[in-house]
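Residue numbers (our numbering): 1438 to 1736.
To keep things clear, I will list the structure first and then write my remarks on it.
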């Protein structure tokens, strides 16, 4: 194999996958807003439409979908239910706050896992963890304050996205042991069964419109968020250290801010950029110093 092909395979392709995966995930909130269903119903279709493809990907990679122990099955179903509530909370927040805020706060699971690690170990943060915590608190205070200035609904939307981050951290913790015996695709497929059920019941309880008039945003959401974005990151994550992965994560709020400005006229002032930079740096630090389990990219 030529040197150029080796360089493409070993360097350029993983980096393109890392950036492409983050961009695909960052476009998810935009597609949620474009959907003519309710936000939670959009979450249901996001998961449900992707399930057949996830099952095929699991089988193609020799990952089992049956013969799982009862304990693992219960953990996967419980984790999937929590992920369903995570998506419901995040999608509701997306409709109320700015896209950049929704992406930042929706990815706060990295920080929450880091803090949970200190609670579980009954220890205090060390010298490397304090900057992440302080930056997260300061940046969040700035962004929440700015949302409250704009409109109370923006502030409520931020809180829904923060709640989604908490629920996603719980999802990762519950599935910590199940991930040892299941591949990434089979785990997403099996947990997606209970996620879809939770999202459908929640959407019906909220009285949302379930069946869309235009399927395009939902199909793109399912493919982009659940399959393309996740698939690219599954491939890319094994090629880079945590610091590079954390820095690449900053692509998401940057893309979301650009789309929010272009599609919805959401403008940011210097104070917003400061808050985004502080929370973004905290997410990078959290991915570097967080105790196990290492956070996975939000699908």
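Each residue gets a CB set at the ideal place from its N, CA and C atoms; glycine is no exception.
Query                                                                                                                : Result
Residue range of the unbroken alpha helix (DSSP H) whose run includes residue 1737                                   : Missing from the structure shown is residue 1737; the chain here goes from 1438 to 1736 and no further.
Same chain, Cβ closer than 8 Å to residue 1619, five either side skipped, listed in chain order                      : 1500, 1501, 1505, 1509, 1513, 1627
C-beta atoms of residue 1542 and residue 1604 nearer than 8 Å                                                        : no
Helix, strand or coil at residue 1806 according to DSSP, with G and I counted as helix                               : Since the first and last residues shown for the chain are 1438 and 1736, residue 1806 lies out of range.
Environment of residue 1484 [buried if 16+ CB atoms lie within 10 Å]                                                 : buried
Cβ-based burial, residue 1699 [other Cβ within 10 Å; buried from 16]                                                 : exposed
Residue ranges of each alpha helix (DSSP H) within the region 1656-1718, 4 or longer                                 : 1666-1674, 1679-1686, 1688-1701
Cβ contact check for the region 1634-1648 and the region 1454-1472: 3 or more pairs under 8 Å                        : no
Inter-stretch contact at 8 Å, needing at least 3 Cβ pairs: the region 1626-1640 / the region 1566-1576               : no
Candidates 1610, 1642, 1530, of which the one nearest residue 1597 by Cα                                             : 1530
Residue 1419 classed as buried or exposed, judged by whether at least 16 other C-beta atoms fall within 10 angstroms : Absent from the model: residue 1419. The displayed extent of the chain is 1438 to 1736, so no value can be given.
Whole-angstrom distance between residue 1537 and residue 1591, CA atom to CA atom                                    : 12 Å
Cβ-based neighbour list, residue 1488, same chain, cut-off 8 Å, excluding 5 preceding and 5 following                : 1626, 1629, 1630, 1633
8 Å Cβ cutoff met for residue 1466 and residue 1693                                                                  : yes
From 1477, 1460, 1470, 1472, residue whose alpha carbon lies closest to that of residue 1601                         : 1477
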